[in-house]
Every structure is written in C-alpha cells, then in structure tokens.
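Participant: Reminder that position 177 of the sequence shown reads as 186 in my numbering, one-by-one numbering, no gaps.
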Amino acid sequence: MGKKRVRLPTPKPRKLPQLAVKLPPPPRPSQEISSGGLFSFLKRPEHTVVTLEDHEQLLRKKEVMLASQAAEFERKARALAGRENSLKDREITMSQKERAFRDKDALVKETLASVSRAERRRADIAKENDLLEVKRHELEEQVGALKSRLDALQRDAGQKRALLGGTEKDLAKKYAELNHLQHRLDQREQLLETKEKVLNEKESGLLGFDQQLKRQQRELSERDKHGLSELAQLKEELARKQDLSIADVLAQNKALQRELQKRSQELAQREKQLESDADSRMKAREQELANKARKLTLREQAIDEEIAARTKSAEQDLVNRSRKLAIREQAIDGEITNRMKSAEQDLTAKKREFDKREKSIAEEELRLAQHQSELKEAEDGLSLMKEALAEELKGHMAEYAEFVAKWKTELDSLNAARSEIKKEKASITKLVQGDLRVLSEKEDELVSATKDFEKDKRKLITEENRLVERVRELERVAHQHGRVEQQFQAREKALQAYEDALGKKEDLIMKALNKAEEARKKAEELKAKIAAVKEAKADLKRLEALRSELEWTIEKESRKVIAMGGKLHHIEDRLKESKDSRVKAIEKRHEKAAKQEKKPVPHRLTPVTPPKPVETEEHVYEARAEIPEGHEETGIAAARPSEIPHLLNQAHDSLAANDLKTAKVILEKLMKIHSMLHDNDAKRTLGYEILDLKTSIKLAALS
C-alpha cells in the first residue's frame with residue numbers, strides 16, 4: 010500500500026536454435042525387420058520390396074514428425090520462460106512488500122517509543138504539579154503562621170499603647186495641677202499689684218529713713234546678688250536640659266526619617282528584584298519553547314534524512330536485483346541452450362521436472378496468497394494503530410496548547426500583579442511622603458514653639474529685671490517689714506517663674522513625646538503594610554528579619570518612652586524638692602521678719618493686708634475638675650463609622666471561605682466610607698486596612 014511497484018523490463022522472446030538432428034541412414038532390409046525403435050509401426054510385411062520412392066516418402070514423414078516435435082519443444086520452452094518471468098515478478102513484489110512491512114514496523118516502533126516518552130513526560134509533569142501543590146500548601150501554612158505572629162505583635166503593640174495612654178492620663182492630671190498653680194500665681198501677682206499701690210501711697214512718708222534703709226539696702230543687695238546667682242544657675246541648668254531634650258527629639262525625628270527612607274529603598278530594591286525574576290522566568294520559558302521547537306525541527310530533519318537514506322538503499326537494492334536478474338537471465342539462456350541441445354536425451358526427465366516445478370509453483374502461489382492475506386490484515390491493523398496514534402497525538406497537541414495557554418495566563422496574571430504592586434508601591438510612597446511632610450511640619454512647629462519659648466524666656470527675663478529694679482526702688486523707701494514681705498513676694502514670684510518655665514519645658518517635652526509616639530505608630534503601620542506586601546511575594550526569610558526588627562524597634566521605643574517617663578518623674582521630684590526647700594526658706598524668713606516686727610520701730614507703717622490663705626487640696630481638685638480634658642487623644646473608633654470593624658471582620662471571613670465576590674463588595678463599601686471620613690488618622694488607618702484587604706484578595710485570586 011502506497012509503495013510503487015517496480016516493473017522489470019520483460020525479456021524479449023528468444024529464438025531457439027535449429028536442432029541439428031542427424032538422420033540415421035536408411036535401414037537395410039535386415040535391419041527393418043529386426044529394429045523395434047521409434048518407427049516400428051512402419052514395418053512392412055515380410056517379402057515386401059522397398060523401393061527408393063518409398064524410402065524417400067518415409068524420410069519425409071520422419072522429417073515432418075521431427076519438425077512437429079521441435080515446434081512442441083519450442084512452445085514448451087517459451088511457456089517455461091514465461092513461468093520463470095512471472096515467478097521473478099512475484100519475487101520482486103514479495104520483496105517490496107516485505108520491505109514496506111519492515112518500514113511500517115519500524116515506524117510503529119518509533120511511534121510507540123514517542124508515545125511512551127510522552128507518557129513518561131506526562132507522569133513527570135503530574136509529579137511536578139503534585140510537588141508544586143505541596144509547596145503551595147506549605148507556603149500557605151507559613152503565611153498563616155506569620156499572620157498569627159503579626160496579630161500577636163499587634164496585640165502587644167495595643168497593650169503598649171494602652172500603657173502609654175495611662176501615662177498620658179497622668180500627664181493630663183499634671184497639666185491640671187500646673188494650670189492650678191498658674192492660677193494661684195496670677196492671684197498672687199494681683200495681690201502684689203495692690204501692695205505696690207499701697208507702697209506708692211506710703212512712699213512720701215519713708216524719706217526720713219534713708220540712711221537706715223541704705224544700710225539695709227546693702228544687706229538686701231548682697232542677698233539679691235546671692236539670689237540672682239542662684240537664679241542664673243537654675244536658668245543655665247534649665248537651658249541646658251532644654252537643649253538636650255530638643256536635640257534628642259530632633260535626633261529621633263532624623264532617625265525615623267532615615268529608617269523610612271531605608272524602608273522605601275528596600276521596597277524599591279524588592280520590586281526591581283521581582284521584575285528581574287519575572288523577566289528571567291519569561292526568558293527561560295521562551296528559551297525552553299525555542300529549544301523544543303528546535304528539537305522538533307531536528308527530529309523532522311532526521312526523519313527526512315532517514316527516509317531519504319532508506320529510499321536510496323531501496324533503489325540500490327533494486328539496481329542490484331536487476332543486475333542479478335540480468336546475470337540470472339544469461340545463465341538461464343545458457344542453460345536453455347544446453348537443455349535444447351540435450352532435449353532428445355532428457356525430454357522425459359525434463360517433463361517430470363517440469364511437473365514437479367509446476368506443483369511447487371502452485372504451492373508457492375498458495376503460500377503467497379496466504380502471505381498476502383496476512384499482509385493485508387497487518388496493514389489494516391497498522392492503519393487502525395496509525396489512526397489511534399494520530400488521535401492520541403492530537404490529544405497531546407491539545408494538551409500542549411492548553412499548557413502554553415495556561416503559562417500565558419499565568420504570565421499575564423504575574424504582569425497584572427506586578428502592575429498592581431507598582432500601584433500599591435506608588436500609593437505607599439505617597440503615604441510615606443505624606444507622613445514625611447507631616448513630620449517635617451511637626452518639626453517646623455517644634456522649632457517655632459522653641460523660638461516662641463525663647464521669646465517668652467527673654468520677655469520673662471526683661472520682666473524679671475524690671476521687677477527687680479522696681480523692688481530695689483521700693484526697698485529704698487520701704488519699711489523693714491515691707492522690704493521682707495516684698496522680698497518674700499519677689500522670691501516667690503521668681504520661684505513661680507521658674508516653675509512656669511519648668512511647666513512649659515514639660516509641655517514641650519510631652520508634645521515632642523506625643524509627636525515621636527505618633528511617628529512611631531505611623532512607622533509601625535507602614536512596616537506592617539510593607540510586611541503584608543512582602544508576604545504576598547513569599548519572601549519568608551526577609552519577613553522573619555522584618556518581624557525581629559519590628560520587635561527590636563518596639564522594644565527600643567518602649568525603652569525610650571519609659572526612660573522619658575523616668576526623666577519626667579526625676580524632674581518632678583527635683584521640682585518638688587526645690588519648691589519645698591524654697592517654701593521652707595521663705596517661711597523661715599517670714600518668721601524672722603515677724604520676730605523683727607515685735608521690736609519697736611519708729612514711724613511704723615500701717616500693717617499691710619495679709620495674703621490670702623493657701624488653697625487646700627479640695628480647691629485644687631475642684632479647679633482640676635473645671636479644666637476641660639483637651640489633652641486626651643481622640644480614638645480612631647470614635648472618629649470613624651461604627652460599621653467599619655464589622656465590615657472588616659466580614660471581609661476576612663469571606664476571604665477565609667474563598668468568597669472573593671463578597672469580599673470585593675465589602676471592599677467597595679469600605680472605600681466609600683474611606684472617602685466620607687474627615688479624621689486624618691482614622692482615614693489613614695482605614696486606608697492601610699483597605700490596602701491589606703486588596704492584597705489578600707489578589708493573593709486569593711492567584712492561588
């Protein structure tokens with residue numbers, strides 16, 4: 010089937026050579042009677058006279074018989090040559106069929122080998138898919154463990170925030186106490202103004218005591234110098250502490266800025282690494298496809314070369330067979346010639362041999378018919394096998410096309426994920442830049458507050474100098490009791506100014522602490538979102554490092570806050586000690602002045618209105634209750650709608666149940682609520698939650 014049958018050139022009919030038969034001499038009369046040969050039926054009866062004419066007629070009859078026998082011999086020789094040629098043709102067709110059968114058998118073996126290779130490849134691909142599935146489950150478990158660790162970290166951060174909230178409440182109480190002290194100082198300042206008016210009215214009656222007052226003035230000036238030196242020392246210590254605290258706050262802000270810049274650089278490097286990994290995977294996949302196409306091309310070339318080689322070998326075999334047949338024909342021609350020469354001697358043997366050969370030819374034809382039927386059955390089986398292999402090859406080609414389409418979709422999804430990551434990076438960069446701008450604004454506010462503090466400090470110094478000059482002028486004309494009382498009031502005012510300066514310093518420190526805490530919270534939230542993005546990319550080792558770094562940062566910030574709280578307590582203790590010591594010293598001076606009042610003094614002044622009694626703790630608590638609680642921070646839950654936590658829990662439950670549609674609907678609702686919020690902190694926190702939810706939805710869609 011499908012093979013061209015090669016026809017050999019049919020041999021031309023050969024003319025048999027004329028038989029040179031030697032006729033025996035005419036028998037003698039004695040021989041005619043005794044010979045019982047071939048012409049015994051021509052015997053004549055005895056005593057018959059044979060004439061020459063009879064003898065010639067007999068010879069002519071014998072010649073006619075010999076000619077008919079020679080013609081019969083020639084006809085049989087031609088039939089024998091035709092039989093031999095037909096046998097040669099059958100032998101050629103049989104060899105061609107055997108060669109075609111061998112070719113088909115080789116093709117079937119090769120096809121079966123390719124099918125077995127395809128089956129092995131499919132089994133390998135199935136194993137690889139199983140391994141990838143196992144790895145995916147392991148990664149999911151690791152991601153869940155990391156999420157649980159992150160939740161634990163968030164809970165720890167919440168507890169620390171709660172502790173910091175308690176310290177903030179204590180600070181609010183201290184602010185209330187300081188405000189109460191400020192109120193008392195204002196009242197005392199009013200009292201001093203009234204006393205100053207009284208002293209101005211009595212200034213005209215004190216001119217006679219100039220000498221005594223000058224002596225007392227010298228004593229008071231020495232005391233003033235001593236007090237001013239103490240005040241200068243306290244101011245220097247206050248300025249030094251203020252510079253140190255401002256430098257610490259600025260250093261912390263710079264450290265936070267450097268850390269945020271470092272995180273953004275790490276995120277950019279990670280994105281570049283992801284892009285290079287995706288490009289390398291795409292290039293590797295394209296290289297793999299090109300190698301497969303090259304292998305298929307080489308295989309087709311090898312098959313074509315093999316077919317050409319087989320065709321060439323078949324043609325060479327055909328030429329060799331034709332040569333052999335030509336040689337055989339020559340041998341047969343010689344054999345026929347020899348046989349024709351000995352035709353008369355072995356005609357009977359030739360006939361028997363011919364019968365045997367005819368019988369063997371019939372048997373050979375029977376075997377050929379059986380072989381042809383077997384070949385036909387084999388060809389039918391091969392055609393069926395070929396159809397089955399073609400169908401299976403179509404299935405493999407379809408699987409290959411599906412595999413290529415799957416890889417293409419995965420590459421598209423990776424490209425889409427990369428674009429989404431770029432968008433998320435841009436949004437995170439915007440948030441980081443916004444936080445940096447807020448930090449710079451807070452830093453500017455801190456610098457401006459420091460400048461205002463310096464201005465107020467200079468004003469206080471000038472006011473203090475003015476009051477000192479005024480006190481000196483009053484002391485020149487005041488009575489000793491008035492001078493002692495005025496000195497007491499001046500010292501108390503200086504102490505109050507010092508307390509006021511310390512209060513402002515505490516305010517600045519607390520503002521700086523609050524700003525540092527807000528910056529730390531923002532940095533923690535940003536780090537948490539960066540960790541969530543990195544979890545999407547299965548960078549587990551880096552996530553562990555980031556987790557340890559976050560724990561270290563939280564612990565470091567906690568230590569800083571605790572240290573700052575210790576500093577505040579230390580400053581408060583020193584303030585209390587200084588205040589107690591000052592009060593005791595003033596009480597001693599007051600007692601001393603009271604003792605001096607009991608001595609007779611000429612031209613004694615009218616008693617000054619006694620100072621108002623010191624307010625008790627009940628008044629302090631009442632004043633503290635009247636102060637509005639403006640220092641407590643407003644919580645995020647109070648500034649955002651009440652349905653946000655419920656929606657977030659519902660979205661996470663939908664993701665756990667692999668319900669992406671519901672999660673996307675909830676995400677749209679949260680985005681609408683985000684656009685309606687006015688509180689910046691609540692809006693930023695909800696933005697981080699929305700970004701985390703988007704990342705989780707994308708990861709669920711990819712898995």
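Every residue gets a Cβ at the ideal spot worked out from N, C-alpha and C, and that includes glycine.
Being a predicted model, the structure only gives us computed values, none of them experimental.
State the CB to CB distance for the pair Ala506 and Glu473, rounded to an integer number of angstroms; the pair is presumed to be in contact (CB under 8 Å).
Facilitator: Confirmed, about 6 Å.
Participant: Apply the 10 Å Cβ neighbour rule to Met406 and answer buried if 16 or more other Cβ atoms are within range, or exposed otherwise.
Facilitator: Classification for Met406: exposed.
Participant: Using only CA atoms, which one of Lys513, Lys434, Leu423 and Asp195 lies nearest to Gln278?
Facilitator: When only C-alpha atoms are compared, the closest one is Lys434.
Participant: So, is Lys468 buried or exposed, given that buried needs 16 or more other C-beta atoms within 10 angstroms?
Facilitator: That one is exposed.
Participant: Is it true that the CB of His683 sits closer than 8 Å to the CB of Leu695?
Facilitator: Cβ distance < 8 Å, so Leu695 and His683 count as in contact.
Participant: Give, in chain order, every unbroken run of the beta strand (DSSP E) that is at least 3 residues long and sits entirely within the region 416-456.
Facilitator: Fully enclosed beta strand (DSSP E) runs of 3 or longer: not present.
Participant: So the alpha helix (DSSP H) His655 belongs to, where does it begin and stop?
Facilitator: Per DSSP, His655 belongs to the alpha helix (DSSP H) from Ile653 to Ala665.
Participant: Is DSSP giving His235 helix, strand or coil here?
Facilitator: His235: helix per DSSP, three-state reduction.
Participant: How about Leu656 and Leu679: are their beta carbons less than 8 Å apart?
Facilitator: Going by C-beta atoms, Leu656 is nearer than 8 Å to Leu679.
Participant: Is Leu664 near Ala710, with beta carbons less than 8 Å apart?
Facilitator: Cβ atoms of Leu664 and Ala710: not closer than 8 Å.
Participant: Runs of 4 residues minimum, wholly inside the region 115-158: which ones carry the alpha helix (DSSP H) assignment?
Facilitator: Here no run is fully enclosed.
Participant: Measure the alpha-carbon distance for Ala666 versus Glu186 and round it to whole angstroms.
Facilitator: Cα to Cα, the separation comes out at about 55 Å.
Participant: Excluding sequence positions up to five away, which residues of its chain have a Cβ less than 6 Å from the Cβ of Lys281?
Facilitator: Contacts found: none.
Participant: Where does Met519 land, buried or exposed, given buried means 16+ other C-beta within 10 angstroms?
Facilitator: Flag for Met519 reads buried.
Participant: Distance, Cα to Cα, Asp453 vs Glu297?
Facilitator: Spanning the two alpha carbons is a distance of roughly 59 Å.
Participant: Quick check: the Cα distance between Asn658 and Lys681, rounded to an integer number of angstroms?
Facilitator: Rounded to the nearest angstrom, the two C-alpha atoms are 17 Å apart.
Participant: Determine, using beta carbons only, whether Leu377 and Arg108 come nearer to each other than 8 Å.
Facilitator: No, these two residues do not count as a Cβ contact at 8 Å.
Participant: What do you get for Lys431, buried or exposed, if any count of 16 or more other CB atoms within 10 angstroms of its CB means buried?
Facilitator: Looking at its Cβ environment, which holds fewer than 16 other Cβ atoms inside 10 Å, Lys431 is exposed.
Participant: Following the continuous alpha helix (DSSP H) through Asp668, name the residue where it begins and the one where it ends.
Facilitator: From DSSP, Asp668 is part of no alpha helix (DSSP H); its letter is neither H nor E.
Participant: Specify, as a first and last residue, the run of the alpha helix (DSSP H) that Leu686 falls within.
Facilitator: Counting along the chain, Leu686 falls outside any alpha helix (DSSP H), and DSSP gives it neither H nor E.
Participant: Three or more C-beta pairs closer than 8 Å, one from the region 104-123 and one from the region 387-407: is that the case here?
Facilitator: Yes: the two stretches touch, three or more of their Cβ pairs being nearer than 8 Å.
Participant: Taking a contact to mean a Cβ-Cβ separation below 8 Å, would you say Lys707 touches Glu429 in this structure?
Facilitator: Cβ distance < 8 Å, so Lys707 and Glu429 count as in contact.
Participant: Going by other Cβ atoms of all chains shown within 10 Å of its Cβ, with 16 needed for buried, is Lys703 buried or exposed?
Facilitator: Looking at its Cβ environment, which holds 16 or more other Cβ atoms inside 10 Å, Lys703 is buried.
Participant: For Arg87 and Leu402, I'd like the C-alpha separation in whole angstroms.
Facilitator: Taking the straight line from one Cα to the other gives about 55 Å.
Participant: Does the beta-carbon distance from Lys451 to Lys524 come in below 8 Å?
Facilitator: Going by C-beta atoms, Lys451 is nearer than 8 Å to Lys524.
Participant: May I ask you to report which of helix, strand or coil DSSP gives Pro35?
Facilitator: Residue placement at Pro35 is flagged as unreliable, the pLDDT there being 44, under the threshold of 50; the coordinate-derived value follows with that caveat. Note: Pro35 maps to coil in three-state DSSP.
Participant: Consult DSSP for Asp63 and reduce its assignment to one of helix, strand or coil.
Facilitator: Note: Asp63 maps to helix in three-state DSSP.
Participant: Starting from the C-beta of Ser369, find all residues in its chain whose C-beta is less than 8 Å away, skip the five residues before and the five after it, and write them out in chain order.
Facilitator: Excluding residues within five positions, none has a Cβ falling inside 8 Å.
Participant: Does the beta-carbon of Asp465 have 16 or more other beta-carbons within 10 angstroms, so that it is buried, or is it exposed?
Facilitator: The residue in question, Asp465, is exposed, as its Cβ has fewer than 16 Cβ neighbours within 10 Å.
Participant: Whole angstroms are fine: how far does the CA of Leu398 sit from the CA of Asp286?
Facilitator: One C-alpha to the other measures close to 40 Å.
Participant: Can you tell me whether Met394 sits near the ligand FAD, meaning its C-beta is under 7 Å from at least one heavy atom of the ligand?
Facilitator: This structure simply doesn't include the ligand FAD, nor any ligand for that matter.
Participant: What do you get for Asp364, buried or exposed, if any count of 16 or more other CB atoms within 10 angstroms of its CB means buried?
Facilitator: Label assigned to Asp364: exposed.
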